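Numbering (the numbering used here), first residue to last: 18 to 802. Here the structure is laid out as structure tokens; the discussion comes afterwards.
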Amino acid sequence: MKTCVGAVVFSFILALAGNASAQTLYRTVADGNWTDNTIWEQSIDGGATWNPAASSPTSADGAITVRSPNTVNILNTPLTIDETTVEFGAALENAVADPATFQVANGAGDDLIIFGEFRVSENPPGSTGTIRVKTNGRIEVRSNAVGGNGSYASNPRFFYETNAEFFWNPFPIAAFVSSGATYFPNAAETDIPIFRSGISTTVGAGATTVINGILEVDAGRTLTWSNGGIKTFRNGIRGDGDVTQNSNSGQFLVSGDTAVIGGTGVINLNATSAAPALLISNTASLNLLSNKTINTATAEAVQVDGTLNAQANVLSGTAGFTLASGGTLITANTGGVKSSIALTGTKTFNAAARYVFNGAATQNAGLTTTPVITNARYLEIDNAAGVTLDASVTATDSLALNRGVLTTTPSFTAGLGSSTEGTLIATDTGWINGTFVRFKEAAATTLLFPVGTAANRRPLIMDFTAAPTAGTIAVSNTDGAGSVPLTPPVDDAGFILTNRSEQFWSMASLITGGTYNLSLNPDGQSGITELATLRVIRSPDGGVTFDPPGTHTAATVFGADTLANRNGIVGLYNNQFYLAGSSTTDNPLPVSLLAFTASATTSPGGMRPSLQWTTASETDNAGFMLYRNGNLIASYQTVASLTGSGTRTSERTYNYIDTALPEGTYRYELRSQDYSGQVHAYFNGQTEITLTVPLQNQLRQNYPNPFNPATVIGYQLSMNSEVSLKVYDVLGREVASLVGARQAAGNYTASFNASKFSSGMYFYRLSVRSAGANFTATKQMMFLK
């Protein structure tokens, strides 16, 4: 009977084996020597009952367990063991010099399983038994007197799982075997054991050294490598100790697809014949777990052929750096590439490299490193907070706008394609705020320009029906609040256009010829009531004169976009395109609606949606109507606050609080009615809100912080409660009481104005008393005048 688990499942194991009656189970009850029967108890009924052992266990017995917190010593008495498990927190110590004296029998399955520690001072046990070190288990070498204890990790009979550790910690200090040695030879790519050094020593040979796991060096220690063989650390280097490469050392190589570099220890690259000194191979994907220093006494460099995920961390020091062709740099650092790769040595960024920006806060791309990055094979934006370019850059092969706004600023552009149109991956949540330059082949293809503003995605689509000459086309969108009169009106095949949008799309190119159909997404444009007749016009002179190129086509839906269309435009590439409508027919644009939003407020009766909208201007506006889930809930005819302003040219904000509602999702629509009785719907006149009861009490961080002079504090209640929210100075004196009342479950905000107080640190405390439990939380905020 064989097994690879501990004593807790003895009876189950024996039942499966079908020979429980022939097996005696053993487990420890105390520390001591293996051959001392008093440290053992035994069971002859599959673990149902246990009694003091009459003898110590051997391989002839059933499952043997060294239990936590016991430590068992193996001395120079002949011993063969099998089916042995060392629990986490327990230890087995081997001090036997002769492998023939201490042996692990080779039965079915694993023969020695280490969840805890196996401490060794002599040779590994003899025979061919399988020894498995489980996750968080450890084999520690405490002495290398016999010179061969490195085989505890290089012997193919030893199997190490992920985070299993081989700890090289001999006294007196000794080097482990490195010439032609492969440590963790059985570790698959998915197994990541740890080779840990607890001493300072020098190792290395002319032949290669391979560690199929992570090299880790303890704080205050230095592991120095010498001689010309390549040193492979498949899954990377970490730890708070230093790793040093002598001038005659071979290359450091990281090749694993789940590799790491981290810890406070310094990596010193000094090899003069290895180029590069540290290579992240094209099979490697390496995560920078923390800020890391890599120094060099020469000009040796780090080279990334695979993937380096710097996360939000910084690679610093005096070493050089090369991002090779096909190499990928992923950065979540707010300073982008420049901040992630802060090495002061010579840097090279290959034009065929790949870059991914995936931070949680707004990122500067950091392209103005030395040298400035102007080309990339692949560029990906995956940051909901957005990325801003600090230099113009062209993605020659692919641009992926997965999430967030890529802002180019007026001085810079984002480009795609240099001799081909490239591959664009665009989503509903990713676009370019600024100028986007795309290469156009001399072919009848379709180009998407996902441009917009910081708040609105307004893509432009050019569908070529006849090929132009090859070249680049630059497109951008300029925001505008509403609409203005067309003077004089524009005649579009008998349809008189009297109003145009203030927003517009700019197009610039040196290509000629070709015919294309143009589509624009009017996201955020106010005053649109009839999409089917919404027109597209152009201005060739910066908004002075206007005309309708090609022919009008009714609006269409393309994915998540509703598009205004113009077909059959011939050879016009240097223009501004606007939206247009008629004040006497379908698109009067009577109200220029800037925003329509919903938020939740809480009242004693429950949660109430609060609606707010702002108009830039109004023309003959009698008032507004509000619909919830398609049903009219309020009208200016019955609610005075919904009465319109008639004709008005300045902004005005309206508010309406709905009745208390149960949990759920509600969709609201805003419409207006003019003095003639015509009702108007709006392209941006819909909003949605989900009401939920918080599951727990919570005090949120104030915003803004620091503040001057006012800030808002948010909190949530999981049930009806007595609530106190107070502000204190640094001496603990109460300076303001913001809330002192009984409140229903829900989300709340409170304002604090510190104009009468001195600059400095303040604390705010929320105290909640309810039938369920009491809750108190305190946070700090900074007032800066």
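Glycine included, C-beta positions come from ideal geometry on N, C-alpha and C. All figures in this text were calculated on a predicted structure; none of them were measured in a lab.
With 16 other Cβ atoms within 10 Å as the buried cut-off, status of E206: Exposed, because fewer than 16 other Cβ atoms sit within 10 Å of the Cβ of E206.
Classification of F311 by the beta-carbon crowding that lies within 10 angstroms, buried from 16 upward: The sequence given here has Ile at residue 311, not Phe. Buried, because 16 or more other Cβ atoms sit within 10 Å of the Cβ of I311.
Secondary structure of F741, DSSP reduced to three states: Just to set this straight, residue 741 is Ser in the shown sequence, not Phe. It is a strand residue.
Nearest residue (CA-CA) to N287, options I254, Y732, N244, G323: A check of alpha carbon separations from N287 across I254, Y732, N244, G323 identifies N244 as the nearest.
Straight-line gap, L346 to P626 (C-alpha atoms, nearest Å): Take the alpha-carbon of L346 and the one of P626: they are about 45 Å apart.
Bridge partner(s) assigned by DSSP for G337: DSSP output for G337 lists A318 as bridge partner(s).
Length at least 3, wholly inside the stretch 347-402: the beta strand (DSSP E) runs in chain order: Listed in chain order, the complete beta strand (DSSP E) runs (minimum 3 residues) inside the stretch 347-402 are 358-360, 364-366, 371-374, 392-399.
Exposure of Q713, with buried meaning 16 or more beta-carbon neighbours within 10 Å: Around the CB of Q713, fewer than 16 other CB atoms lie within 10 Å, so the residue is classed as exposed.
Beta-carbon spacing of F184, G215 below 8 Å: Taking 8 Å as the Cβ cut-off, F184 and G215 qualify as a contacting pair.
Bridge partner(s) assigned by DSSP for T614: Beta-bridge pairing links T614 to Q629.
Residues near T20 by beta carbon distance below 7 Å, same chain, minus five either side: Because T20 sits at a pLDDT of 39, beneath the cut-off of 50, its placement in the model cannot be relied upon, and the point is left open.
Assigned secondary structure, P605 (DSSP; H/G/I helix, E/B strand, else coil): Any answer about P605 is weak, because its pLDDT of 48 lies below 50 and its placement is not dependable; what the coordinates show is given next. P605: coil per DSSP, three-state reduction.
Alpha-carbon spacing of V785 relative to L406, whole angstroms: Spanning the two alpha carbons is a distance of roughly 46 Å.
For S168, the first and last residue of its enclosing alpha helix (DSSP H): It spans 168-171 - the alpha helix (DSSP H) in which S168 sits, taken as one unbroken run.
K802 classed as buried or exposed, judged by whether at least 16 other C-beta atoms fall within 10 angstroms: Around the C-beta of K802, fewer than 16 other C-beta atoms lie within 10 Å, and the residue is accordingly described as exposed.
Proximity to A727 [Cα-Cα], best of L659, A393, F769: A727 has its Cα closest to that of F769, out of L659, A393, F769.
Beta strand (DSSP E) segment containing N516, residue limits: Element bounds for N516: 512-518.
Neighbourhood of F521 by C-beta distance below 8 Å, restricted to the same chain and skipping five residues each side: The beta carbon of F521 lies closer than 8 Å to those of N494, T495, G497, S556, G560, Q593, F594, Y595 in the same chain, with the five residues before and after it left out.
Below-8 Å beta-carbon distance, T631 vs any chain B residue: Of the protein chains in this structure there is only one, and it is not chain B.
Under the three-state DSSP convention, the category T795 falls into: Three-state DSSP puts T795 in a strand.
Residue ranges of each beta strand (DSSP E) within the stretch 251-277, 3 or longer: DSSP runs (the beta strand (DSSP E)) wholly in the stretch 251-277: 253-255, 259-262, 269-271.
Same chain only: Cβ atoms within 6 Å of A117, ignoring 5 sequence neighbours per side: For A117, the CB contacts under 6 Å within the same chain, skipping 5 residues up- and downstream, are G143 in chain order.
I674 classed as buried or exposed, judged by whether at least 16 other C-beta atoms fall within 10 angstroms: Exposed.
Reference F774, options F724, V158, S787, A597, closest by Cα: Ranked by Cα distance from F774, the options F724, V158, S787, A597 are led by F724.
Residue nearest to I231 in terms of C-alpha spacing, selected from T219, K248, R552: The shortest C-alpha separation from I231 is found at K248.
Whole alpha helix (DSSP H) elements within the stretch 434-467, 4-residue minimum: The qualifying runs do not exist here; there are none.
Beta bridge counterpart(s) of N111 as assigned by DSSP: Residue pairing by DSSP places N111 opposite I91, V137 in a beta bridge.
Paired residues, beta bridge with F184 - DSSP: Answer by DSSP bridge pairing, in chain order: E157, R213.
Where T795 falls, given that 16 or more other Cβ within 10 Å makes a residue buried: Around the CB of T795, fewer than 16 other CB atoms lie within 10 Å, so the residue is classed as exposed.
Buried or exposed (CB count within 10 angstroms, at least 16 for buried), E397: It is buried - the Cβ of E397 has at least 16 other Cβ atoms within 10 Å.
Start-to-end residues for the beta strand (DSSP E) that takes in D480: Boundaries of the beta strand (DSSP E) around D480: 477-483.
Residues that DSSP places opposite K248 in a beta bridge: Under DSSP, the beta-bridge partners assigned to K248 are T226, F269.
Residues of its chain near N265, where Cβ-Cβ distance is below 8 Å and the 5 sequence neighbours each way are ignored: Listed in chain order, the non-local C-beta contacts of N265 below 8 Å within the same chain comprise S243, N244, G245, A288, T289, S290, local neighbours out to five positions each way being set aside.
Inter-residue spacing [alpha-carbon to alpha-carbon] between R213 and D235: Taking the straight line joining both Cα atoms gives about 7 Å.
Terminal residues of the beta strand (DSSP E) in which D235 lies: Neither: D235 is in no beta strand (DSSP E) and is coded neither H nor E.
Touching by the beta-carbon criterion (3+ pairs, under 8 Å), the stretch 132-139 and the stretch 148-159: Taking 8 Å as the limit for Cβ pairs, the verdict is that the stretch 148-159 does touch the stretch 132-139.
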